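Notes follow once the structure below has been shown.
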Amino acid sequence: MTKPLILGITGASGLIYAVRALKFLLQAEYSVELVASKSTYMVWQAEQNIRMPVEAVAQELFWRQQAGVETQGKLYCHPWGDVGANIASGSFRTLGMVIMPCSMSTVAKLAAGLSSDLLERAADVQLKEGRKLVLVPRETPFSLIHLRNLTALAEAGARIVPAIPAWYHNPQTIEDLVDFVVARALDQLDIDCIPINRWEGK
1397 MTKPLILGIT GASGLIYAVR ALKFLLQAEY SVELVASKST YMVWQAEQNI RMPVEAVAQE
1457 LFWRQQAGVE TQGKLYCHPW GDVGANIASG SFRTLGMVIM PCSMSTVAKL AAGLSSDLLE
1517 RAADVQLKEG RKLVLVPRET PFSLIHLRNL TALAEAGARI VPAIPAWYHN PQTIEDLVDF
1577 VVARALDQLD IDCIPINRWE GK
């Protein structure tokens, strides 16, 4: 794999989506550039009572532990405020970027062209370079403002994959439901590394 994938993680509820995505990407030997927003730290504390480290090397170990993948793949973690990182530049080539889960605050900033941290800057770069940007919003219900912001991003080229699972694959666990959403998000990047039962007709 010559080009990495950027995984953005925001403070929306549902960090399990990011953990499962990272698990399968690393197991498939992908190179992942990970950036978590400032509010992600607070969500880990609130939802799991876990303190996510700030320092990059410690954060890499943290995410590998959460994903249960010790050595496979390549993982590089970036501080949310490091707007001078490689993923902040259009000259740094990537497979694209997936933001999972994606908060409505992040959606609003991206729709307005704002880049107040590295995650938002990296996403803005994907749009301006014509690369793939996949958003997995985890919110319900959507307000009219949310819908307009998502529409603006779709018009700009982003793919919107709401965290809405299906049932035709006969899910048995929460992970089955999560993995379906993760697989559909990665499908937008032509990445097929998650063992799910795909619909093959009756």
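Just so you know, we're using the working numbering here: the sequence shown kicks off at 1397 and counts up by one.
Even for Gly, the Cβ is constructed at its ideal location relative to N, Cα and C.
Note that the structure is a prediction, hence the values are computed from the model and not measured.
Would you call the CB atoms of Arg1460 and Val1578 closer than 7 Å?
-> no
Going along the chain, which residues of its own chain have a beta-carbon closer than 6 Å to the beta-carbon of Phe1420, five neighbours each way excluded?
-> Cys1589, Ile1590
At which residue ranges does the stretch 1486-1512 contain complete alpha helix (DSSP H) runs of 4 or more residues, listed in the order of the chain?
-> 1500-1507
Selection from Leu1430, Glu1535, Leu1457 that minimises the alpha carbon distance to Ala1404 | Residue 1404 is actually Gly in this sequence, not Ala. The residue with the shortest Cα to Cα distance from Gly1404 is Leu1430.
Do you know how far the Cα of His1565 is from the Cα of Gly1596?
-> The identity of residue 1596 in the sequence shown is Glu, whereas the question assumes Gly. Going by the C-alpha atoms only, they are around 10 Å apart.
Start and end residues, beta strand (DSSP E) containing Ile1402 | 1401-1405
Nearest residue (CA-CA) to Met1500, options Thr1536, Pro1567, Lys1528, Leu1523 | Thr1536
Under three-state DSSP, which class holds His1565?
-> coil
Within its chain, find whatever has a CB closer than 7 Å to the CB of Ile1446; leave out the 5 residues flanking it on each side and keep chain order.
-> Trp1440
Evaluate contact between the stretch 1484-1503 and the stretch 1530-1547, counting only Cβ atoms and requiring at least three cross-stretch pairs below 8 Å.
-> yes
Just list the alpha helix (DSSP H) runs in the stretch 1431-1484, keeping only unbroken ones of 4 residues or longer that don't cross its boundaries, in chain order.
-> 1434-1444, 1452-1463
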